[in-house]
Every structure is written in structure tokens, then in C-alpha cells.
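Numbering (UniProt numbering), first residue to last: 1 to 221.
In this text, a Cβ means the ideal position worked out from N, Cα and C, and glycines have one as well.
See below for the structure under consideration.
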Amino acid sequence: MLRFNNPSLTRYPIQGIDVSHHQGAIDWRTVAAQPNVRFAIMKATEGGDHRDSRFAENWQRAGDAGLVRGAYHFFTFCRPGRDQAQNVLATVPKATGALPIAVDLEFVGNCNKVPTLEEMATEVNAFVTELKGSFPEKPIFYVTPEFYDQYLKGNEARFPDHYLWLRSVFKEPAQEGCRRWSIWQFADNGTLDGIQGPVDLNALCPSETGFEHLFPTVAAN
């Protein structure tokens with residue numbers, strides 16, 4: 001399989017991870033001591049009623065270890081967006097200095113339904129609208145190339161304003177001064193002290209040396 005070296009901290013000074021219950025028990029102190037882990041985005045919810053079994057523990061311990069935290073929701077195509085937002089609201093604490101809510105939009109692991117563009121835009125808008133009272137900041141959309149090409153590309157105006165978190169494990173995203181994307185997931189098989197097994201690795205767009213310019217809700221770190 002074609003691989004490339006992970007991006008350097010010189011070019012991408014802010015790097016981090018995303019995790020779920022699949023990583024099991026994490027030694028957050030050990031993880032946070034590594035220079036390539038400045039932030040952690042953890043799975044909180046999926047669909048209308050599923051909550052990740054490790055979320056509460058990961059959220060607390062990552063924060064105690066001094067990492068910038070974020071929560072993500074896996075968006076299912078088979079539940080109304082409003083129902084899914086209520087699941088997030090019941091699960092994710094409102095915390096000072098946290099990243100905006102991230103929404104995982106992809107076909108892998110989803111239900112068999114393939115919504116039309118109109119259906120997808122309607123439900124994603126309903127989801128974001130329902131969150132606004134508690135999480136007014138612009139959400140982060142995690143997208144695979146397949147989802148981006150089928151729904152977002154050329155149709156951005158039909159979706160809520162958002163930051164883009166791109167999955168691209170084979171090549172570096174095109175540089176556009178961070179205007180097109182904010183976070184790059186560059187590996188799904190990373191290894192870190194403190195985590196058993198593979199973990200997803202990410203980087204903020206390369207012009208960023210802190211969080212507060214890109215995500216104003218995050219306190220300076």
C-alpha cells in the first residue's frame with residue numbers, strides 16, 4: 001500500500017488524535033506528554049440514542065491531562081437530524097476551551113440508506129440548528145473523499161457554515177491557506193505510547209501555530 005512519512009511538527013506544529021471506545025482504556029497522561037498530541041477529538045454519540053462507552057472517561061481524563069478536547073458525533077443517514085442533535089445535547093458537556101462539535105459524515109459504518117442531496121442537506125441543517133442553543137459555534141464536518149464529492153463539493157452553500165476536517169491518508173491536501181480545510185486526518189494506523197493498538201492521527205492546517213485563530217472558542221494554549 002502506498003504510504004508517506006507523517007507530516008513533521010515543523011510544518012504542522014499542532015497535531016492530535018481522534019479516539020473512540022475502540023482504543024480501550026487510554027493512559028491520557030502518557031499520551032499528552034508526547035509532542036505530536038496537542039488535541040484529542042473523541043467519539044461521544046452516534047445516531048439518535050447510542051453513546052460511546054468510553055466518552056465520559058475520555059473527556060474527563062483528557063481534560064485533566066491538559067489536552068484541548070473535542071467531541072464528535074457519528075451522523076447516521078437513517079435517523080432525523082433533530083433526534084441526533086438531542087442525543088449530543090444529552091451527552092456532551094459544555095466546556096470552556098473545547099473545540100466545536102464535530103460531525104462524522106461518511107458512508108463507512110453507516111446504514112444502507114443513500115440520501116439525496118436535498119435529504120442530506122435538510123437533515124444536517126436540522127441537526128446543526130438544534131445544537132445552536134448550546135453550541136452556537138460553527139461545527140466541524142469530518143468527511144471522507146467519497147462523501148465530500150457526492151454531497152458537499154459545489155453545494156457548500158446548502159449546508160451550514162462549517163470547518164472542514166478532511167480524511168486523506170494517501171496524500172497531503174492541497175494547500176489553500178487553510179481556507180478550504182482546517183484539520184487533516186493523515187493516518188488511521190498511528191502508534192502512540194499510552195494507547196494499545198492503532199489510532200487516528202491528525203494535524204491542523206500548517207499556517208496555524210495556536211488554536212484560538214482557527215477556533216476562537218478555544219482558549220490560548
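**Own chain, CB closer than 6 Å to Gly63, minus 5 neighbours either side, in chain order** = Arg69
**Request:** Could you check what DSSP says for Arg167 in three-state terms: helix, strand or coil?
**Result:** strand
**Request:** Specify whether the stretch 178 to 190 and the stretch 148 to 157 touch according to this definition: at least 3 beta carbon pairs, one from each stretch, less than 8 Å apart.
**Result:** no
**Option nearest Trp59 by Cα separation, candidates Pro13, Tyr163, Leu99** = Leu99
**Message:** So, with DSSP's three-state summary, where would you put Arg54?
**Reply:** coil
**Prompt:** Just curious, the beta strand (DSSP E) that Glu46 is in, first and last residue?
**Reply:** 39 to 46
**Message:** Do Glu106 and Phe170 count as a contact pair if the criterion is CB distance below 8 Å?
**Reply:** no
**Request:** Please name the residue in Tyr12, Phe135, Arg79, Thr76 whose C-alpha comes closest to that of Gly97.
**Result:** Phe135
**Request:** List the whole-angstrom C-beta distance separating Gln23 from Asn36, where the pair is believed to meet the contact cut-off of C-beta under 8 Å.
**Result:** Contact flag wrong, Cβ pair sits at about 16 Å.
**Request:** With a cut-off of 8 Å on the beta carbons, I'd call Arg29 and Leu67 a contact; round off their distance for me.
**Result:** Their Cβ separation, rounded to whole angstroms, is 10 Å, which puts Arg29 and Leu67 out of contact at 8 Å.
**Prompt:** Which residue spans inside the stretch 113 to 158 form an unbroken alpha helix (DSSP H) run of at least 4?
**Reply:** 117 to 131
**Message:** Between which residues of its own chain and Thr91 is the CB-CB distance below 6 Å, once the five residues before and five after are set aside?
**Reply:** Ala44, Thr45, Arg51
**Message:** I'd like to check one pair, Leu131 with Ala85: are the Cβ atoms closer than 8 Å?
**Reply:** yes
**Asked** Measuring CA to CA, which of Gly197, Glu172, Thr191 is closest to Pro7?
**Response** Glu172
**Request:** Report, in whole angstroms, the separation of the C-beta atoms of Val103 and Pro139, which I expect to be a contact under 8 Å.
**Result:** 6 Å
**Request:** Indicate the three-state DSSP secondary structure (helix, strand or coil) for Leu99 in the structure shown.
**Result:** coil
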